[in-house]
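See below for the structure under consideration.
Chains as they are written, first to last, in the numbering used here: chain A, 1252 to 1809; chain B, 295 to 589.
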């Protein structure tokens, strides 16, 4: 951590706490309270991350770094038991709360019990799934026991959503009383670089540097205002055009609008990429309405998309760089993987897709025996390469459809476009024929991502039998209706593997299978965009954790 | 006074000429219709062709109205959009007009079926258009798509549904007019000399209810154009790359600040066409109304 800090803080060595004055932050959604266990809102969690801290978190590259803990427990360092049911965390020595009392393992135990209280209605219960008990071994060590082997035991206390609360402050606030403790929920005692001086719900929070923060030189700012409300465009203007605010969060604006604002010269747009990928899903089954109830089910294979060479040609004809540039600007970049991040899980085996290859695609289809007819559309044995390509109604997606249609027409594939209202398309209503699960089309496009940094539940979507079909009310995440024994075997191995390196190898292998069989065609890796004024240094935008995760390192530059 | 039969339309034309606005509108509409009908020969650019390098281009000789965010030629798209929008507007209006006038005249003239027909009208008035369209699209889309192809299939569906759900206003207005005219002296006189019912309706009643019918027609065209664009916006209309004026307008709204001309071209086309149709209806009403004409 210190090395990272030194790298991003050139010339600030020897700086003193509070030496850089005031910093202002604008979130266009206003925080309503500062207890992440009582709110699912990102705005509340991120505001709270200035004050409350977890045992470990993910840095801007998606790597896990110890925070209040001394190190991240793993199988290799003995912190995780070999049967994968126990994990032992050790707190850093000498930590103190902002009120001057020491941080101990009992605070960690209390936080777990606070969230797992049966009457509590904790918003982070999913992080504590399968936790049997949490116990203090001594002043600094805490052991979490799971009810079954947990290959990825980093749910509790990793990330800004599950920080450590002070037992003394919240002792009277457990269970049903949790939401009633307004004073504690608005002004929690924390270990973070700042502490609250005034909290106005749904409006503005004023903070000052925590006098008991563990690094005596940080934070660089003596005071901080966290303003909430407005909209993304106004927030972007306040940073990029007028410079009155230092940092603005989540600026979902059209790329050219944002670029025009940045031209004003006051600020910089920064982007960071999580796991959200805009992709094409290929229907491996026949969506012909003549099949009735068996339409788009594994009973009838697709007449031409079951030929892998056709699928590959469709992928080769796409210029992903152009799609990213037109549709998302700085908030998008081309990708060839359905698992695009964190870095440790990203395969490089499919990078050929970055280059559009019309000639290659045409050659591939020629070799596969698909020959062009008089109208330029390829056919083989009376089967015509004519696809119905659906997506949700959204200006960027319709532009993508038009572009891809033109590229496919150049390789002799005819495309009909359809767009469905997003609330119907993603609505999941088994009575509607237009949902993305029903997939009554040959190809469909949407974006999907996974929570956190562990791709196992995400990759499990494409297991055999997880395909939407009538007897499971069209639920299930396997849109392409893919089924491979080899893939399933890899999934089974992953569910029993604890080592992070082996897990990432398995994830890559599965990603590569999906990519090299072209059952889905990734297009654009979509990210998050924020902005800061030019005089603010040290910002490292992080999509894996709070955007304000390293605010202790933020500083003023001239 | 009325002269011999063939000079009736001459008379109408003489009156119509007096209304300068209507005359100008007629000329404008003819121009629009000729332009969209002959567009592909006048401006032979494929409205769906994407030239990414020329995206967001301003007005130039190569692209007289500029290009959109994907580099498609705006002029070609406005022309192609006009074909669809006018075709939808006119066809849906014609269906609504025929249905509405038929129901209105029958209800107003034949007392026996008045009650039943008006309850039917109420029933249709109570039908919400968008849910009905949703259901119709669910039920018939695949069928029409396989029979006529995606674009023609949707065209038939949209035109039929808009036509079938927008005749009620016309029917009500026509019925009221017919009921007053039915009791007028000239109708009584015609009936007393033994004129047949059919002849009374076509010769005496229809010309007199022409003005409300024409007003409904003009509003109907405008309404149909706008309904079609709303449908495109919801993703229920034509495929997204198939230009119509409504779709072009909606696409342009996102770029209103930076490229206002992109929404202006289809917006002006819709407004001017609707305005011209309204003026034309106004002039036709004056020309066709026997009471005004003989003044």
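Backbone N, C-alpha and C define an ideal beta-carbon position, used for all residues, glycine too.
Inset, instruction - Taking residue 1459 (chain A) as part of the beta strand (DSSP E), name the residues at either end of that continuous run. - result: Position 208 of the first chain, counted from the first residue, corresponds to residue 1459 (chain A). 1455–1460 is the span of the beta strand (DSSP E), which, as asked, contains residue 1459 (chain A).
Legend entry - Residue interval of the alpha helix (DSSP H) (run including residue 444 (chain B)): Position 150 of the second chain, counted from the first residue, corresponds to residue 444 (chain B). Counting along the chain, the alpha helix (DSSP H) containing residue 444 (chain B) begins and ends at 444–459.
Legend entry - Contact with chain A by residue 363 (chain B), beta-carbon distance below 9 Å: Mapped onto the second chain, residue 363 (chain B) falls at position 69. By this cut-off, residue 363 (chain B) is an interface position.
Legend entry - residue 1478 (chain A) at chain B interface by Cβ criterion, 9 Å: The sequence position of residue 1478 (chain A) within the first chain is 227, counting from 1. No, residue 1478 (chain A) lies away from the interface with chain B (no Cβ there is under 9 Å from its Cβ).
Inset, instruction - Just tell me which of A:1275, A:1470, A:1773, A:1767 has its CA closest to the CA of residue 1499 (chain A). - result: Against the first chain, residue 1499 (chain A) aligns to sequence position 248. Of the listed residues, the one whose Cα sits closest to residue 1499 (chain A) is A:1275.
Legend entry - Residues near residue 508 (chain B) by beta carbon distance below 6 Å, same chain, minus five either side: Counting from one through the second chain, the residue named residue 508 (chain B) turns up at place 214. The residues are 575, 578, 579.
Inset, instruction - Check whether the segment 1372–1387 of chain A touches the segment 1276–1285 of chain A, taking contact to mean three or more Cβ pairs, one atom from each stretch, closer than 8 Å. - result: By the criterion of at least three beta-carbon pairs nearer than 8 Å, the segment 1372–1387 of chain A is not in contact with the segment 1276–1285 of chain A.
Inset, instruction - Could you tell me whether any Cβ in chain A is nearer than 9 Å to the Cβ of residue 371 (chain B)? - result: Stepping through the second chain from its first residue, residue 371 (chain B) is reached at position 77. By this cut-off, residue 371 (chain B) is not an interface position.
Inset, instruction - Work out the CA separation of residue 1376 (chain A) and residue 1383 (chain A) for me, nearest whole Å. - result: Within the first chain, the letter at position 132 stands for residue 1383 (chain A). Within the first chain, the letter at position 125 stands for residue 1376 (chain A). Computed Cα separation, rounded: 13 Å.
Inset, instruction - State buried or exposed for residue 1547 (chain A), treating a residue as buried only when at least 16 other CB atoms are found within 10 Å of its CB. - result: Along the first chain, one-based indexing puts residue 1547 (chain A) at 296. When all chains shown are included, residue 1547 (chain A) counts as buried.
Legend entry - residue 1577 (chain A) beta carbon less than 9 Å from that of residue 364 (chain B): Start at 1 with the first residue of the second chain, and residue 364 (chain B) comes out as number 70. Start at 1 with the first residue of the first chain, and residue 1577 (chain A) comes out as number 326. Yes; because the gap between Cβ atoms is below 9 Å, this pair is in contact.
Legend entry - residue 367 (chain B) - DSSP class collapsed to helix/strand/coil: Numbered from its first residue, the second chain carries residue 367 (chain B) at position 73. Residue 367 (chain B): strand per DSSP, three-state reduction.
Inset, instruction - If I'm right that residue 1634 (chain A) touches residue 1555 (chain A) with Cβ under 8 Å, what's the distance once you round it to whole angstroms? - result: Working through the first chain from its first residue, we reach residue 1634 (chain A) at position 383. Working through the first chain from its first residue, we reach residue 1555 (chain A) at position 304. Contact holds; Cβ gap of about 5 Å.
Inset, instruction - Provide the residue span of the alpha helix (DSSP H) that contains residue 1488 (chain A), from first to last. - result: For the purposes of this step, residue 1488 (chain A) is identified with residue 237 of the first chain, where counting begins at 1. Run containing residue 1488 (chain A): 1483–1491, per the alpha helix (DSSP H) assignment.
Legend entry - Proximity test, Cβ basis, 9 Å: residue 568 (chain B) and chain A: For the purposes of this step, residue 568 (chain B) is taken as the residue at position 274 of the second chain. Residue 568 (chain B) does not count as touching chain A.
Legend entry - Cβ separation of residue 1733 (chain A) and residue 1770 (chain A), assumed to be a contact under 8 Å, to the nearest whole Å: Translated into the one-based positions of the first chain, residue 1733 (chain A) becomes position 482. Translated into the one-based positions of the first chain, residue 1770 (chain A) becomes position 519. Sure, about 5 Å apart at Cβ, within 8 Å.
Inset, instruction - Count the other C-beta atoms from every protein chain shown that fall within 10 angstroms of the C-beta of residue 1724 (chain A), then say buried if there are 16 or more, exposed otherwise. - result: As a working note, residue 1724 (chain A) is residue 473 in the first chain. Exposed, since its Cβ has fewer than 16 Cβ neighbours within 10 Å.
Inset, instruction - Just grab the DSSP bridge partners of residue 1773 (chain A) for me. - result: The residue you call residue 1773 (chain A) lines up with position 522 of the first chain. Per DSSP, A:1530.
Inset, instruction - Starting from residue 1317 (chain A), trace the beta strand (DSSP E) both ways and give me its first and last residue. - result: By 1-based counting over the first chain, the position of residue 1317 (chain A) is 66. 1315–1317 is the span of the beta strand (DSSP E), which, as asked, contains residue 1317 (chain A).
Inset, instruction - Taking only beta-carbon positions, decide if residue 346 (chain B) is within less than 9 Å of chain A. - result: For the purposes of this step, residue 346 (chain B) is taken as the residue at position 52 of the second chain. Yes - at least one Cβ of chain A is within 9 Å of the one on residue 346 (chain B).
Legend entry - Residue-level contact to chain A via CB, residue 460 (chain B), 9 Å cutoff: Translated into the one-based positions of the second chain, residue 460 (chain B) becomes position 166. Not one chain A Cβ lies under 9 Å of residue 460 (chain B).
Legend entry - Host beta strand (DSSP E) of residue 1352 (chain A) (start-end): To locate residue 1352 (chain A), count along the first chain from 1; it is residue 101. No beta strand (DSSP E) contains residue 1352 (chain A), which DSSP labels as neither H nor E.
Legend entry - Test: residue 1794 (chain A) CB closer than 9 Å to a CB of chain B: Here residue 1794 (chain A) is taken as the residue at index 543 of the first chain, counted from 1. No, because no Cβ of chain B sits closer than 9 Å to the Cβ of residue 1794 (chain A).
Inset, instruction - Hey, could you find the ends of the beta strand (DSSP E) residue 1278 (chain A) is sitting in? - result: Numbered from 1 along the first chain, position 27 holds the residue referred to as residue 1278 (chain A). Run containing residue 1278 (chain A): 1273–1278, per the beta strand (DSSP E) assignment.
Inset, instruction - Taking only beta-carbon positions, decide if residue 444 (chain B) is within less than 9 Å of chain A. - result: As a working note, residue 444 (chain B) is residue 150 in the second chain. So yes, residue 444 (chain B) belongs to the interface.
Inset, instruction - Please confirm whether residue 1463 (chain A) and residue 1358 (chain A) have their CB atoms less than 9 Å apart. - result: Taking the first chain and counting its residues from 1, one reaches residue 1463 (chain A) at position 212. Taking the first chain and counting its residues from 1, one reaches residue 1358 (chain A) at position 107. For residue 1463 (chain A) and residue 1358 (chain A), no; Cβs fall outside 9 Å.
Inset, instruction - Just tell me which of A:1602, A:1662, A:1598 has its CA closest to the CA of residue 1622 (chain A). - result: Position 371 of the first chain, counted from the first residue, corresponds to residue 1622 (chain A). The residue with the shortest Cα to Cα distance from residue 1622 (chain A) is A:1662.
Inset, instruction - Note down the Cα distance separating residue 332 (chain B) from residue 375 (chain B), rounded to an integer number of angstroms. - result: Stepping through the second chain from its first residue, residue 332 (chain B) is reached at position 38. Stepping through the second chain from its first residue, residue 375 (chain B) is reached at position 81. In a straight line, the C-alpha of residue 332 (chain B) is about 13 Å away from that of residue 375 (chain B).
Inset, instruction - Determine whether the Cβ of residue 1772 (chain A) lies closer than 9 Å to any Cβ atom of chain B. - result: As a position in the first chain, residue 1772 (chain A) is number 521, starting the count at 1. Cβ-Cβ to chain B under 9 Å: no for residue 1772 (chain A).
Inset, instruction - Compute the Euclidean distance between the alpha carbons of residue 1640 (chain A) and residue 1695 (chain A), then round it to the nearest angstrom. - result: As a first step, residue 1640 (chain A) must be located in the first chain, where it is residue number 389. As a first step, residue 1695 (chain A) must be located in the first chain, where it is residue number 444. Roughly 6 Å separates the two Cα atoms.
Legend entry - Contact set between residue 1669 (chain A) and chain B, taken where Cβ atoms lie within less than 9 Å: In the first chain, the residue the question calls residue 1669 (chain A) occupies position 418. Near residue 1669 (chain A) (Cβ distances below 9 Å), the residues of chain B are 444, 529, 533, 534.
Legend entry - Partners in chain B for residue 1507 (chain A), counting only beta-carbon separations shorter than 9 Å: Within the first chain, numbered from 1, the residue matching residue 1507 (chain A) stands at position 256. Result: 350, 363, 549, 552.
Legend entry - Bounding residues of the beta strand (DSSP E) (the contiguous stretch that carries residue 337 (chain B)): As a first step, residue 337 (chain B) is located in the second chain; it is residue number 43 there, counting from the start. Per DSSP, residue 337 (chain B) belongs to no beta strand (DSSP E) and is neither H nor E.
Legend entry - residue 436 (chain B): contacting residues in chain A (beta-carbon distance under 9 Å): Looking up residue 436 (chain B) in the second chain gives position 142. Near residue 436 (chain B) (Cβ distances below 9 Å), the residues of chain A are 1540, 1684, 1691.
Legend entry - Continuous beta strand (DSSP E) stretch holding residue 1394 (chain A): start and end: As a position in the first chain, residue 1394 (chain A) is number 143, starting the count at 1. From DSSP, the beta strand (DSSP E) with residue 1394 (chain A) extends over 1392–1397.
Inset, instruction - For residue 1478 (chain A), write down the residues that DSSP places opposite it in a beta bridge. - result: The residue labelled residue 1478 (chain A) in the question sits at position 227 within the first chain. For residue 1478 (chain A), which the question treats as bridged, DSSP gives the partners A:1277, A:1455.
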